[in-house]
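Right, here's the structure in full:
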């Protein structure tokens, strides 16, 4: 449905319901208010967690350490809708500026140009001025990028590219930038290759990358949620949408009722003609858990998920809603592990800056390509959290093979506490 159609319908009584308070829902609500002139009081966002933002998280824990599950990189030439949205959201720290203006100014002051994108087993920086393609790699990659999605079908990346490709500099950089695995969908790789083709000439330096002033929760979610609240948008936290009642309507399906669960109590919300429901399914951070310096994160299952459970419920006997099992039926092939380090001693940052040649916040990911865990770390511009003390520094890392035994710690990363992960990192 176009925003023009929404605007026409919004002249009548209409409500919009968003399931989950991730960035998709927050952005959708903002566009309805800004572009469709739907009153904020007629927009409801249901969220199971205490905080909004979904995967765009960032928090100060009770032990005065910081935690975030992931980080995002923007580019000037892409994310058009994101930049457009942020141009309408006022900065929380700079009155008279938008979040977009704040972000652009920050990147002018802190331009990205990585000098240590890959590091080998001998602790040397890898020469990434070339992609490391063979002639066969080039031909196969070209064949994949020219294939239609119908031709690619349900195939995996490994169905199209030979083993040597996965040892190239390009793959190590591309894989860790976008968290790809060789067994992932060839369709997904095809889409990313087309979308980010113009990043090829600078992928080794990440010069096209733009970052937010703080983590994305503080830099994007907080100002966006603040603006939505001031427009009257209703946030209903601690509430899960567990089912939808659907009915056929002229060859389409219409949502007639939402079933809610709040503190193990069930409630139903009846929808009228013209009401809108937005559901963003398949979150990669659903059913995530948090470890500690001494304990690994608890192992969760699909039973602990929320958005995935709703997708499975509505997809039963309704193939038009897709097949969630294609994405969540093999947890060993889809889970990953990240870690956040809070430093109160500047030595790690000092030594990493000296080794990499990058001031913190200008280098991006440093990937230890021969790491059994395929570990990467990034030193952010400090402070990375609003209100972060001056004597505290925060960096983040993640691994794409957390099920494998480490090079310096004789156990899988998923069985390690923070101290063991740091031992492995320092070994590299």
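Numbering (our numbering), first residue to last: 42 to 469.
Cβ coordinates follow ideal geometry from the N, Cα and C atoms, glycine included.
- Considered as a whole, the stretch 380–413 harbours 388–397 as its complete alpha helix (DSSP H) runs of no fewer than 4 residues, in chain order.
- Secondary-structure assignment with DSSP links residue 464 through no beta bridge to anything.
- By the CB criterion at 9 Å, residue 351 and residue 281 fall inside the cutoff.
- Counting other Cβ atoms within 10 Å of its Cβ, residue 180 stays below 16 and is therefore classed as exposed.
- Secondary structure remark: continuous alpha helix (DSSP H) runs of at least 4 residues inside the stretch 50–89, in chain order: 64–75.
- In the DSSP annotation of this structure, residue 420 is not part of any alpha helix (DSSP H); the continuous beta strand (DSSP E) holding it starts and ends at 416–420.
- Counted as a single uninterrupted DSSP element, the stretch harbouring residue 285 is not any alpha helix (DSSP H) but the beta strand (DSSP E) occupying residues 281–290.
- Beta-bridge partners of residue 434 (DSSP): 384.
- As the crow flies, the alpha-carbon of residue 151 is around 14 Å from that of residue 394.
- Boundaries for residue 252: no beta strand (DSSP E) harbours it, and the DSSP string shows neither H nor E there.
- Annotation for residue 308: the continuous beta strand (DSSP E) segment containing it runs 306–311.
- Secondary structure at residue 455: helix, using DSSP grouped into helix, strand and coil.
- The three-state reading of DSSP puts residue 115 in strand, counting E and B together.
- Per DSSP, reduced to three states, the secondary structure at residue 348 is helical.
- Under the DSSP definition of a beta bridge, residue 439 partners with 379 and 417.
- The beta carbons of residue 185 and residue 231 sit about 6 Å from each other, so the pair counts as a contact at 8 Å.
- From the listed residues 276, 258 and 162, the smallest Cα separation to residue 465 is found for 162.
- Residue 160 counts as buried, since at least 16 other C-beta atoms from the protein chains shown sit within 10 angstroms of its C-beta.
- Listed as beta-bridge partners of residue 100 by DSSP are 108.
- Taking residue 210 as reference, the option from 243, 266, 168 and 221 with the minimal CA-CA separation is 168.
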